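Asker: Handing you a structure now.
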Amino acid sequence: MSARIVISADGEKAFESWRQAFASVAPEVEVCSWYDPTWEPRPDDYALVWKPKPEHMERLAQMKGIVCTGAGVDHLLAHTGFPRHVPLVRMGGEQTARLMADYVLWAVIGLLRDARTWAVQQQQGLWRNNVRSQPSNMTRVGVMGLGHLGAYVAQVLANVGFCVSGWKRSPAELDGVTVKHGMENLPAFLADVDVLVNLLPATPATDGLIDYTFLSHLPKGAGFVNVGRGRHVVQEDLLRALDDGTLSGAVLDVVTPEPLPESNALWRHPRITITPHVASEASRGMQARYVADVVACLAQGEKPALLCDVKRGY
Ligand code: NDP
Numbered sequence: 000m001s002a003r004i005v006i007s008a009d010g011e012k013a014f015e016s017w018r019q020a021f022a023s024v025a026p027e028v029e030v031c032s033w034y035d036p037t038w039e040p041r042p043d044d045y046a047l048v049w050k051p052k053p054e055h056m057e058r059l060a061q062m063k064g065i066v067c068t069g070a071g072v073d074h075l076l077a078h079t080g081f082p083r084h085v086p087l088v089r090m091g092g093e094q095t096a097r098l099m100a101d102y103v104l105w106a107v108i109g110l111l112r113d114a115r116t117w118a119v120q121q122q123q124g125l126w127r128n129n130v131r132s133q134p135s136n137m138t139r140v141g142v143m144g145l146g147h148l149g150a151y152v153a154q155v156l157a158n159v160g161f162c163v164s165g166w167k168r169s170p171a172e173l174d175g176v177t178v179k180h181g182m183e184n185l186p187a188f189l190a191d192v193d194v195l196v197n198l199l200p201a202t203p204a205t206d207g208l209i210d211y212t213f214l215s216h217l218p219k220g221a222g223f224v225n226v227g228r229g230r231h232v233v234q235e236d237l238l239r240a241l242d243d244g245t246l247s248g249a250v251l252d253v254v255t256p257e258p259l260p261e262s263n264a265l266w267r268h269p270r271i272t273i274t275p276h277v278a279s280e281a282s283r284g285m286q287a288r289y290v291a292d293v294v295a296c297l298a299q300g301e302k303p304a305l306l307c308d309v310k311r312g313y
């Protein structure tokens, strides 16, 4: 019996658009809705999920593989009932990385030119000549996390002309990027960046990592882009750092909690730009093609590039 993809991602109503996407880009793949009352698990079933419900866990344990529509799988691993023995693969693909690089470029250049101030001035009808003359080739950008997304983002920034460094858990080499690794080298990495980009995964080791002491290692007035997870940041410490000039500005695509309540102080801070977790989401067609390739790889007994190491947590 050939592989079948059972889809719960984005809820019952989204199935039809997933079905159409698979039909157009991967017609060879059989799909079915997790919510179809007639569905009975088969030995070659693979699940496509985002945030499965607790009552889905028992059946997920019978799957041959699980593909998540997100690149971060912390929410799945945090669930006590999640079947950790089933191969779990994260969302990836060229478009996901490209979209993330586009977003980070926008955010870094916006911080460099203080675009936030222009937006505030425009709301007030204020014409104030506040030119910033620091070009990209004289700007140091540090990328934390050099995985599937971080490595790509770092190289795109380097190709644009930024002076790029990166920080990760284990040693590595990356063309055009100065790489540091481990907690012992974190202060030195931070001391050498004008704009810091966070692309770490959420794990017990990275939760709350970005606090006031951490931010104090940056050169005074650095910029901060968070596209990793809101949980990495101690929110009061970020606000303190923005208020006392430790940071000159922040662009946040991820916050805690999501959606961010209307009453949260982050919304109204003049030095913060918030986007609603939109940095990188490939089109449904691109995601369907990627999922079909991952399932074909698993069905052949091979290891997909973005197979999650559940012990490591990413
Ligand atoms: P990967 O798992 O491919 O890469 C993770 C990187 O982080 C690796 O380089 C790893 O180092 C490093 N890392 C992990 N733990 C530590 C640690 N304790 N100290 C130092 N470095 C560490 O992840 P992706 O690049 O695919 O994605 C990164 C994150 O981006 C996701 O987990 C998610 O949170 C976020 N994301 C956000 C999106 C958005 O729209 N805002 C969209 C997609 C993802 P090493 O290689 O040495 O193990």
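In terms of numbering that gives the first Met the number 0, the sequence shown opens at residue 0 and continues consecutively.
Every residue gets a Cβ at the ideal spot worked out from N, C-alpha and C, and that includes glycine.
Being a predicted model, the structure only gives us computed values, none of them experimental.
Which class does D44 belong to by DSSP, given the choice of helix, strand or coil?
Answerer: Note: D44 maps to strand in three-state DSSP.
Asker: Do I4 and L47 have their C-beta atoms closer together than 8 Å?
Answerer: Against a cut-off of 8 Å, the Cβ pair of L47 and I4 comes out as a contact.
Asker: Let me check you understand the geometry: is the CB of T202 closer than 7 Å to at least one non-hydrogen atom of ligand 3?
Answerer: Because ligand 3 does not appear in the structure shown, any question about it cannot be addressed here, the ligands present being ligand 1.
Asker: Using CA coordinates, which residue listed in R239, F81 and H231 is at the minimum distance from G64?
Answerer: When each option's Cα is compared against that of G64, the closest is F81.
Asker: Should P42 go down as buried or exposed, given a rule of 16 or more other Cβ atoms within 10 Å for buried?
Answerer: Exposed.
Asker: Give the C-beta separation of A221 and L195 to the nearest angstrom, bearing in mind that I take them to be a contact with Cβ-Cβ under 8 Å.
Answerer: Between L195 and A221 the Cβ distance is about 6 Å, and since that is below 8 Å, they are a contact.
Asker: Measure the alpha-carbon distance for A8 versus F14 and round it to whole angstroms.
Answerer: About 8 Å.
Asker: So if DSSP puts R139 in a beta bridge, which residue, or which two residues, is it bridged to?
Answerer: Per DSSP, C162.
Asker: If you reduce the DSSP assignment to three classes, tell me which class F223 lands in.
Answerer: The answer is strand: DSSP assigns F223 an E or B state.
Asker: Over the uninterrupted beta strand (DSSP E) stretch that includes C31, give me the two end residues.
Answerer: Looking at the DSSP string, the run of the beta strand (DSSP E) that includes C31 is E29 to S32.
Asker: Given this structure, state the Cα-to-Cα distance separating N96 from Q122, to the nearest angstrom.
Answerer: Note on residue identity: the sequence assigns Ala, not Asn, to residue 96. Cα-Cα distance, rounded: 33 Å.
Asker: Ligand 1 heavy atoms versus the CB of K179: any closer than 7 Å?
Answerer: Because no heavy atom of ligand 1 lies under 7 Å away, the Cβ of K179 does not count as near it: no.
Asker: Classify Y289: buried if its beta carbon has 16 or more other beta carbons within 10 angstroms, exposed otherwise.
Answerer: Answer is buried; the Cβ neighbour count reaches 16.
Asker: Please report the distance separating the alpha-carbon of L37 from that of H180.
Answerer: Sequence inspection shows Thr at residue 37; the Leu mentioned does not correspond to that position. Looking at the two C-alpha atoms, the distance is approximately 51 Å.
Asker: Is S23 helix, strand or coil by DSSP?
Answerer: It is helical.
Asker: Just to confirm before moving on: does the CB-CB distance between N225 and H216 stay below 8 Å?
Answerer: Not in contact: N225 and H216 (Cβ atoms no closer than 8 Å).
Asker: The alpha helix (DSSP H) spanning L189 covers which residue range?
Answerer: L189 -> alpha helix (DSSP H) spans L185 to A190.
Asker: Starting from I6, follow the alpha helix (DSSP H) in both directions and report where the run begins and ends.
Answerer: Here I6 belongs to no alpha helix (DSSP H); instead the beta strand (DSSP E) covers R3 to I6.
Asker: So what does G64 bridge to, in DSSP terms?
Answerer: G64 pairs with Y45.
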